[in-house]
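In what follows, a structure is listed as structure tokens, so that the remarks can point back to it.
In UniProt numbering, the protein residues as written are 1 to 616.
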């Protein structure tokens with residue numbers, strides 16, 4: 001049997017030894033101070049194992065105004081409070097800077113004061129700067145930086161100012177040399193300073209001619225009493241619209257003299273053919289029109305340039321001149337529709353109408369009326385298949401009056417010569433050819449009655465002529481540009497001449513027909529080479545070349561000579577005008593050649609088919 005002590009402690013010796021060892025270790029641990037224990041801890045302890053500082057009472061005092069959830073978690077000290085900005089700090093800074101500059105200012109002012117008196121300068125023996133002379137007011141804010149900027153006696157800043165002035169003068173002079181006057185479109189027809197004239201307008205007399213018509217007799221009575229209001233009332237009521245009204249050539253002359261009172265009913269009656277063309281054609285209509293223009297204030301130089309004798313008339317007030325001229329042009333159109341004008345006066349009449357349209361005071365409505373009237377005169381008095389004397393007279397008088405204008409004004413003049421009908425277009429072509437070619441072309445346009453169109457060979461000669469080949473001084477450099485020319489006016493002249501050339505080449509389909517006839521004749525006739533030293537193939541190619549092709553080549557060569565890479569709008573405009581003319585010529589030529597057959601375009605070959613053919 002075991003004893004009781006052996007059951008409770010089966011290993012008494014071993015347990016006693018372990019217990020003793022543990023007690024000894026714990027006693028030794030407690031005997032060490034706390035600081036030494038912390039120093040002996042391992043440096044690998046994590047942040048969570050470290051003990052934080054115990055919160056103090058001051059920490060909670062600084063965070064008592066914060067929200068609860070922030071105040072409870074704020075255990076660190078608050079940041080240092082910022083100081084308030086003092087508004088006088090900046091002022092004090094400026095004051096301190098000025099006080100630091102006071103010694104230098106005192107030295108400058110003492111030098112200036114000593115320079116006023118006689119004797120040598122005791123403070124500074126150097127002469128004062130001319131830019132800091134006593135005559136120049138200098139305040140206390142003068143700094144040493146300003147003195148350093150001026151340099152030695154102000155020579156540095158003086159040199160800079162002189163160079164700046166010279167540069168500005170050079171730029172100004174260069175701008176004056178490049179400055180050019182823009183061409184003013186139009187020619188003045190009316191006098192600038194017109195007197196008031198006689199306000200009491202006297203009505204021209206109208207004979208009764210044994211007429212018993214009550215309206216006609218009433219009109220004659222108003223004319224005898226010089227009742228302008230009564231005459232105007234009768235015209236507005238349409239007294240001329242009745243069928244039995246005795247409307248004769250004398251009545252037409254009377255209407256022209258009082259054109260400011262003419263109404264639409266009178267014009268409509270004249271257009272319907274109330275006049276007999278063979279019986280009432282009169283040579284006195286042109287003098288009446290000239291007198292009406294002179295009465296309205298037309299310049300006598302324009303009338304004398306056309307070879308028309310001057311008439312002594314009394315000018316009227318220019319207040320209603322626009323209305324009078326508009327109704328005068330409308331009456332001319334109405335009388336032209338019934339062949340009231342003599343054929344020898346049509347050329348003078350067209351030149352006068354163009355003078356009215358070219359005036360800068362004419363509005364668009366009046367200019368459109370002038371265009372319509374000129375087209376009516378061309379269609380009624382010019383021949384369809386041949387250039388007659390009326391057409392030659394129109395070209396002669398127009399070139400005589402407007403041949404000396406600038407190229408821009410010449411192109412502006414061509415805008416009032418219509419080209420709606422074939423006859424009017426032919427007249428405009430010949431006038432443009434005369435304005436473009438100079439004296440020789442003007443003589444051809446005014447005298448040639450054989451060719452219906454301006455010759456293409458002459459047009460090509462004008463395009464390709466050189467300044468040395470030009471005999472006339474008037475026709476200097478129309479389509480020739482200098483190699484390094486930068487003159488803007490030169491390109492303006494070129495643009496105007498190209499616009500005139502466009503009017504000359506406005507009837508392309510007729511040129512195409514003439515070229516077909518020439519080609520047929522050249523094929524049937526044997527070819528001859530005049531120059532024995534020239535290549536026969538080259539001579540044949542030149543002979544077979546179309547004149548229109550040569551004109552297009554000359555225009556393309558001219559396009560290649562214009563370089564519009566610089567900022568010059570005149571170059572760009574001239575180049576675009578030539579290119580537009582070339583495209584129009586090629587398009588109209590293709591349309592004219594394809595009128596009789598269907599237009600077929602070759603189909604473009606596909607890239608895959610071409611590749612397969614090459615592979616085979």
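Just so you know, even glycine gets a beta-carbon here, dropped at the ideal spot from N, CA and C.
Top-ranked residue by Cα proximity to residue 296, from 550, 307, 328: As a working note, residue 296 is residue 296 in the chain shown. Cα-wise, what sits closest to residue 296 is 328.
May I ask you to list the residues that DSSP assigns as paired with residue 298? Translated into positions along the chain shown, residue 298 becomes position 298. 190, per the DSSP bridge assignment.
Specify, as a first and last residue, the run of the alpha helix (DSSP H) that residue 421 falls within. For this step, residue 421 is matched to residue 421 along the chain shown. Here residue 421 belongs to no alpha helix (DSSP H), and DSSP marks it neither H nor E.
Separation of residue 353 from residue 427, as counted between CA atoms: What you label residue 427 is simply residue 427 of the chain shown in a count that begins at 1. What you label residue 353 is simply residue 353 of the chain shown in a count that begins at 1. Distance between the alpha carbons of residue 427 and residue 353 is about 15 Å.
In chain order, which continuous runs of the alpha helix (DSSP H) of length 4 or greater are located wholly inside the region 368 to 408? List check, alpha helix (DSSP H) in window: 389 to 402.
Does the region 343 to 363 come close enough to the region 393 to 406 that 3 or more CB-CB pairs lie under 8 Å? Flag = yes, the region 393 to 406 and the region 343 to 363 touch.
Taking all protein chains shown into account, do 16 or more other C-beta atoms lie within 10 angstroms of the C-beta of residue 337, making it buried, or fewer, making it exposed? Along the chain shown, one-based indexing puts residue 337 at 337. Buried.
Could you tell me if residue 560 is buried or exposed, where buried requires 16 or more neighbouring beta carbons within 10 angstroms of its beta carbon? The residue given as residue 560 occupies position 560 in the chain shown. It counts as exposed.
Alpha-carbon spacing of residue 185 relative to residue 212, whole angstroms: Here residue 185 refers to the residue found at position 185 when the chain shown is read from its first residue. Here residue 212 refers to the residue found at position 212 when the chain shown is read from its first residue. Roughly 53 Å between the two C-alpha positions.
Quick one: using the 10 Å Cβ neighbour count with 16 as the cut-off for buried, is residue 497 buried or exposed? What you label residue 497 is simply residue 497 of the chain shown in a count that begins at 1. Under a 10 Å Cβ-count criterion, residue 497 is classified as buried, with 16 or more other Cβ atoms of the shown protein chains found around its own Cβ.
Helix or strand or just coil, what does DSSP make of residue 229? The residue you call residue 229 lines up with position 229 of the chain shown. If DSSP states are grouped into helix, strand and coil, residue 229 belongs with the helices.
Tell me, please, whether the region 355 to 370 touches the region 421 to 438 by the rule of three or more beta-carbon pairs shorter than 8 Å. In short, these stretches do not touch, since the Cβ pair count stays below three.
Can you name the start and end residues of the alpha helix (DSSP H) that residue 348 belongs to? Here the question's residue 348 lines up with position 348 in the chain shown. Residue 348 -> alpha helix (DSSP H) spans 346 to 358.
Please classify residue 233 as buried or exposed, where buried requires at least 16 other C-beta atoms within 10 Å of its C-beta. Here the question's residue 233 lines up with position 233 in the chain shown. Looking at its Cβ environment, which holds fewer than 16 other Cβ atoms inside 10 Å, residue 233 is exposed.
Cut-off 6 Å between Cβ atoms - residues of its own chain near residue 371, not counting five sequence neighbours on either side: In the chain shown, counting from the first residue as 1, residue 371 sits at position 371. Only 416, 418 meet the Cβ criterion.
The alpha helix (DSSP H) that contains residue 326, what's its start and end? Looking up residue 326 in the chain shown gives position 326. Unbroken alpha helix (DSSP H) run through residue 326: 321 to 337.
Measure the CB-CB distance between residue 397 and residue 350 and report whether it falls below 8 Å. As a working note, residue 397 is residue 397 in the chain shown. As a working note, residue 350 is residue 350 in the chain shown. Taking the C-beta atoms as reference points, residue 350 is found nearer than 8 Å to residue 397.
Go ahead and pull the three-state DSSP assignment for residue 479. Position 479 of the chain shown holds residue 479. Reduced to three states, the DSSP call for residue 479 is coil.
Find out if the Cβ-Cβ distance for the pair residue 458, residue 437 is shorter than 8 Å. To locate residue 458, count along the chain shown from 1; it is residue 458. To locate residue 437, count along the chain shown from 1; it is residue 437. Yes; because the gap between Cβ atoms is below 8 Å, this pair is in contact.
State the Cα-Cα distance for the pair residue 36 and residue 23, rounded to the nearest angstrom. For the purposes of this step, residue 36 is taken as residue 36 along the chain shown, with counting starting at 1. For the purposes of this step, residue 23 is taken as residue 23 along the chain shown, with counting starting at 1. Because the pLDDT at residue 36 is just 49, under 50, the model does not fix this residue reliably, and the value given afterwards should be weighed accordingly. One C-alpha to the other measures close to 21 Å.
Starting from residue 216, follow the alpha helix (DSSP H) in both directions and report where the run begins and ends. Here residue 216 corresponds to residue number 216 of the chain shown, with the count starting at 1. Residues 214 to 224.
Within 10 angstroms of the Cβ of residue 480, are there 16 or more other Cβ atoms? Answer buried if so, exposed if not. Taking the chain shown and counting its residues from 1, one reaches residue 480 at position 480. With 16 or more other CB atoms across the displayed protein chains lying within 10 angstroms of its CB, residue 480 is buried.
Please report how far the alpha carbon of residue 255 lies from the alpha carbon of residue 499, in whole angstroms. The residue you call residue 255 lines up with position 255 of the chain shown. The residue you call residue 499 lines up with position 499 of the chain shown. Roughly 39 Å separates the two Cα atoms.
Among 586, 442, 332, which one has its Cα closest to the Cα of residue 551? As a first step, residue 551 must be located in the chain shown, where it is residue number 551. Considering only alpha carbons, the answer is 586.
Going by beta-carbon coordinates alone, are residue 495 and residue 424 separated by less than 8 Å? As a working note, residue 495 is residue 495 in the chain shown. As a working note, residue 424 is residue 424 in the chain shown. In this structure, the beta-carbon distance from residue 495 to residue 424 does not fall below 8 Å.
Take the Cβ of residue 214 as the centre, count every other Cβ of all protein chains shown within 10 Å, and call the residue buried at 16 or more, exposed below. By 1-based counting over the chain shown, the position of residue 214 is 214. Per the 10 Å Cβ criterion, exposed.
Rounded to whole angstroms, what is the Cα-Cα separation between residue 414 and residue 503? For the purposes of this step, residue 414 is taken as residue 414 along the chain shown, with counting starting at 1. For the purposes of this step, residue 503 is taken as residue 503 along the chain shown, with counting starting at 1. About 8 Å.
Could you pull the start and end residues of the alpha helix (DSSP H) that residue 560 belongs to? Indexing the chain shown from 1 puts residue 560 at position 560. First-last of the alpha helix (DSSP H) with residue 560: 547 to 561.
Using the C-alpha atoms, what's the distance from residue 307 back to residue 404? One-based indexing of the chain shown puts residue 404 at position 404. One-based indexing of the chain shown puts residue 307 at position 307. Approximately 17 Å, taken between the alpha carbons.
Residues of its chain near residue 454, where Cβ-Cβ distance is below 7 Å and the 5 sequence neighbours each way are ignored: Taking the chain shown and counting its residues from 1, one reaches residue 454 at position 454. Around residue 454: 429, 430, 433, 504.
Classify residue 97: buried if its beta carbon has 16 or more other beta carbons within 10 angstroms, exposed otherwise. The sequence position of residue 97 within the chain shown is 97, counting from 1. Label assigned to residue 97: exposed.
Where residue 569 sits in the DSSP three-state scheme: Reading the chain shown from its first residue, position 569 is the one you call residue 569. Three-state DSSP puts residue 569 in a helix.
If you follow the alpha helix (DSSP H) that residue 456 is part of, which residue opens it and which one closes it? As a first step, residue 456 is located in the chain shown; it is residue number 456 there, counting from the start. Start and end: 456 to 464.
Chain-order list of residues whose beta-carbon lies under 7 Å from that of residue 163 (same chain, five-residue window excluded): In the chain shown, counting from the first residue as 1, residue 163 sits at position 163. Answer for residue 163: no residue qualifies.
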